[in-house]
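Count along the sequence shown from 1, then add 167; that gives the number in this note's numbering.
Cβ atoms here follow ideal geometry from the backbone N, Cα and C, with glycine treated the same way.
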Amino acid sequence: MSKNKNNQAIWGARIKKATSATFQKIGSSIEIDKRLYKEDIKVSKVHVEMLFKQKIISFKIKNKIIYGLEKIEREIKNNKIYLSKSYEDIHMNIEKRLFQIIGDEAGYIHTARSRNDQVITDFKIWIKSSTKEISLKIDKVITSTLKLAEKNIYTIMPGFTHLKNAQAISFAHYLLAYIEMFNRDKKRFANNLVSLDENPLGVAALGGTAFNIDRNYTTKKLGFKKPTNNSIDTVSDRDFVLDYLYAISVCSMHISRIAEELIIWNSDAYNLINLSDKIVTGSSIMPQKKNPDVLEYLRGKSGIAYGNLFSMLTILKGLPLSYFKDLQDDKEIVFKANDTIMDCLIILDEFIKNFYPNKKQMLDLANTGHITATDLADYLVKNHSMSFRKAYEKTSVIVNLAEKKNKNLSQLSLEELKIIEPKLTNEVLTVFDLKNSVKSKKSYGGTSFENIKRMIMKYKKQND
Ligand code: ARG
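Quick look at the structure:
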């Protein structure tokens, strides 16, 4: 229960009995929301500046309050303050401490505001800066991925569909696909800034305030773009939390897909990548093991991310307007989501810097599975005036022949090919060359070496 300087509950004049100890324990959020202390003090300082500007409080009281708040900020930063569960949350703990430092004039700080608008204002500021930090971490992953791509423009591997060899591609092209995913993640986080940039401060408990406050002033001073429109909605709205958790979930899903892919490539069956000893773990019984635990950790964490999103969606489902205590749990969910995605991005970045393509195995694998069959069909269309369907059919017969003879397409002789298409000349043999195959995919967004180089330049500029 919150108490004033006389150690009485703030609502003690009205509520005569002390809160049950069990409820106090459950209801207190100080262990979680103390992370908002800097934001809370910033918001309170701007609030009292505004109250003074609007002649609602005096210059002297404003200065006293600001002095007290700055002292409290230092105390919390240096761990010199006991934040008590009996004062419920960070907001009440700070107010309580303000009474101890400056006395009764602390009572003016809560004029024309409620914890309801105060907490959302703090929270929006916090999520805004978390959003920026996450974006910076994504940038780091993009930079590392780009470096690896630059070194592997000519590393040829099979591209897969259904995990079966499909067409020859450059390993760099694969890596650039990850960059596209991360760029979309950044956009998703940035989209939420539109909502995050609306200032809740001043809507008070739910209905606004009778004081002549200036919401535009606090909006500007706190770095928001505009004040929110409707006081009831403002107090109830947690859409910005959902959007944030959704953006984290999608980013986490991308990381999980990449992790899964690399786990497959690292398996003994595929053996397409090697991991530095820095990023593998051993087995307690099998001495030969080098396991990609880190990737499995990353894959698993997407489950946590989705869980956070679903927790918040479920809390909000069926919650009437406006404030209810149910909403208090939003902080724990958001902080957990932030911490997990930040760790994941740091680990992914380290991973990308510490794994290497097994180029020989990539090429060997690309040379199996008749991977140039589409190239042959394209060749027939371009050089022997066939429709694609006709060429597809001819190529199928050629693939069957190769399979029957236990050969790769490139191992078939011109004579053998001519049994199926007599018009073919020596020139056709060039289509079975994997480099030619990759080179030929020049359409915008395709895997040709030229396209990749152009895209790398583009991403580099974007990330400068
Ligand atoms: N700790 C509370 C929360 O984060 C602060 C809001 C309290 N408002 C109220 N009406 N009890 O949800």
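Practice item. Tell me the start and end of each unbroken alpha helix (DSSP H) in the stretch 336 to 360 that is at least 4 residues and wholly inside, in chain order. Key: With a minimum length of 4 residues, the unbroken runs of alpha helix (DSSP H) contained wholly in the stretch 336 to 360 fall at 338 to 358.
Review point. By how many angstroms is the C-alpha of Glu570 removed from the C-alpha of Ser577?
Key: Using only the alpha carbons, I get a separation of about 12 Å.
Practice item. Mark Arg181 as exposed unless 16 or more other C-beta atoms lie within 10 angstroms of its C-beta, in which case mark it buried. Key: Exposed, since its Cβ has fewer than 16 Cβ neighbours within 10 Å.
Exercise for review: Tell me where the beta strand (DSSP E) around Phe599 begins and ends.
Suggested key: Segment: none, Phe599 is in no beta strand (DSSP E) and carries neither H nor E.
Practice item. Provide the residue(s) that pair with Phe327 in DSSP beta bridges, ordered along the chain. Key: Phe327 pairs with Asn332.
Check your understanding: Is the CB-CB distance between Leu412 and Ala558 below 7 Å?
Key -> Taking 7 Å as the cut-off, the beta carbon of Leu412 is found no closer than this to the beta carbon of Ala558.
Point to revise | 7 Å Cβ shell around Leu373 - same chain, five flanking residues per side excluded | key: If you ignore the 5 residues before and after Leu373, its C-beta comes within less than 7 Å of the C-beta of Asn283, Ser398, Ile399, Val402, Ser489, Tyr490, all in its own chain and listed in chain order.
Point to revise | Own chain residues within Cβ distance below 7 Å of Leu483, not counting five before or after | key: The residues are Arg405.
Check your understanding: Can we say the stretch 435 to 443 touches the stretch 524 to 535, given the rule of at least three CB pairs closer than 8 Å?
Key -> Yes, the stretch 435 to 443 is in contact with the stretch 524 to 535.
Check your understanding: Quick one: does the C-beta of Arg181 sit closer than 6 Å to a heavy atom of the ligand ARG?
Key -> Every heavy atom of the ligand ARG is 6 Å or more from the Cβ of Arg181, so no.
Practice item. Could you pull out every residue in the same chain whose Cβ sits closer than 8 Å to the Cβ of Thr310, ignoring the five residues on either side in sequence? Key: The residues are Asn630.
Check your understanding: When burial is assigned at 16 or more other CB atoms within 10 Å of the CB, is Ser187 buried or exposed?
Key -> Counting every other CB atom within 10 Å of its CB across the protein chains shown gives Ser187 a total below 16, marking it as exposed.
Practice item. Kindly indicate which residue of Ala533, Phe356, Asp460 has the alpha-carbon position closest to the one of Ser337. Key: Nearest of Ala533, Phe356, Asp460 to Ser337, Cα basis: Ala533.
Review point. So Ile243 and Tyr204 are in contact, right, with Cβ under 8 Å, and what is the actual spacing, rounded?
Key: At roughly 5 Å, the Cβ-Cβ gap stays under 8 Å, so Ile243 and Tyr204 are in contact.
Check your understanding: Would Ser443 pass as a contact of Asn521 if the rule is Cβ separation under 7 Å?
Key -> Contact: yes.
Check your understanding: How is Glu365 classed by DSSP in three states: helix, strand or coil?
Key -> Shown here, Glu365 sits in a strand according to DSSP, grouped into three states.
Practice item. Along the alpha helix (DSSP H) that carries Asn383, what are the first and last residues, could you check? Key: Residues 382 to 388.
Check your understanding: Does any heavy atom of the ligand GTP sit closer than 6 Å to the C-beta of Val286?
Key -> In terms of ligand content, the structure shown lacks the ligand GTP and carries the ligand ARG instead.
Check your understanding: With a cut-off of 8 Å, do at least 3 Cβ pairs link the stretch 194 to 203 to the stretch 354 to 361?
Key -> Using a C-beta cut-off of 8 Å, the stretch 194 to 203 makes no contact with the stretch 354 to 361, since fewer than three inter-stretch Cβ pairs fall below that distance.
**Study point:** Gln191: CB within 6 Å of a non-hydrogen atom of the ligand ARG
**Key:** The answer is no for Gln191.
**Study point:** Cross-strand partners of Lys393 (DSSP beta bridge)
**Key:** Beta-bridge pairing by DSSP links Lys393 to Glu365.
Point to revise | Where Tyr204 sits in the DSSP three-state scheme | key: The DSSP-derived three-state label of Tyr204 is helix.
Exercise for review: Scan the stretch 253 to 287 and note each continuous alpha helix (DSSP H) run of 4 residues or more that stays entirely inside, going in chain order.
Suggested key: If one requires a minimum length of 4 residues, the alpha helix (DSSP H) runs lying completely within the stretch 253 to 287 are 257 to 269, in chain order.
Practice item. Report all residues from its chain with a CB closer than 6 Å to the CB of Ser580; omit the five preceding and five following residues, and keep chain order. Key: Answer for Ser580: no residue qualifies.
Practice item. May I ask which residues mark the beginning and end of the alpha helix (DSSP H) holding Asn433? Key: Here the alpha helix (DSSP H) through Asn433 covers 406 to 433.
Review point. If you drop the 5 nearest sequence neighbours on each side, which residues of the same chain put their C-beta closer than 8 Å to that of Ser554?
Key: Only Val548 meet the Cβ criterion.
Review point. Is Arg282 near the ligand ARG, with its Cβ less than 6 Å from a heavy atom?
Key: At least one heavy atom of the ligand ARG is found less than 6 Å from the C-beta of Arg282.
Check your understanding: In angstroms, rounded to a whole number, what distance separates the CA positions of Lys585 and Lys331?
Key -> The alpha-carbon of Lys585 is positioned some 28 Å away from that of Lys331.
Point to revise | Sub-7 Å separation of Ala279 and Phe391 beta-carbons | key: In this structure, Phe391 does not lie closer than 7 Å to Ala279 by Cβ.
Point to revise | Integer Cβ distance of Pro139 from Asn433, believed to fall under 8 Å | key: This structure leaves residue 139 out entirely; the chain is present only between 168 and 631.
Point to revise | Contacts around Ser225, its chain only, beta-carbon distance under 8 Å, and the 5 residues preceding and following it disregarded | key: The residues are Phe219.
Point to revise | Whole-angstrom distance between Ala540 and Asp600, CA atom to CA atom | key: Here the alpha carbon of Asp600 sits roughly 11 Å from the alpha carbon of Ala540.
Practice item. Inspect the beta-carbon positions of Val308 and Leu512 and report whether they are closer than 7 Å. Key: Cβ atoms of Val308 and Leu512: closer than 7 Å.
**Study point:** beta-carbon Gln495 near the ligand ARG non-hydrogen atom, thresh 6 Å
**Key:** Result yes, Cβ under 6 Å from the ligand ARG.
Check your understanding: Do Val215 and Lys229 have their C-beta atoms within less than 7 Å of each other?
Key -> Contact: yes.
Practice item. Would you mind sorting His329 into buried or exposed? The rule is 16 or more other CB atoms within 10 Å of its CB. Key: Within 10 angstroms of the beta-carbon of His329 lie fewer than 16 other beta-carbons, which makes it exposed.
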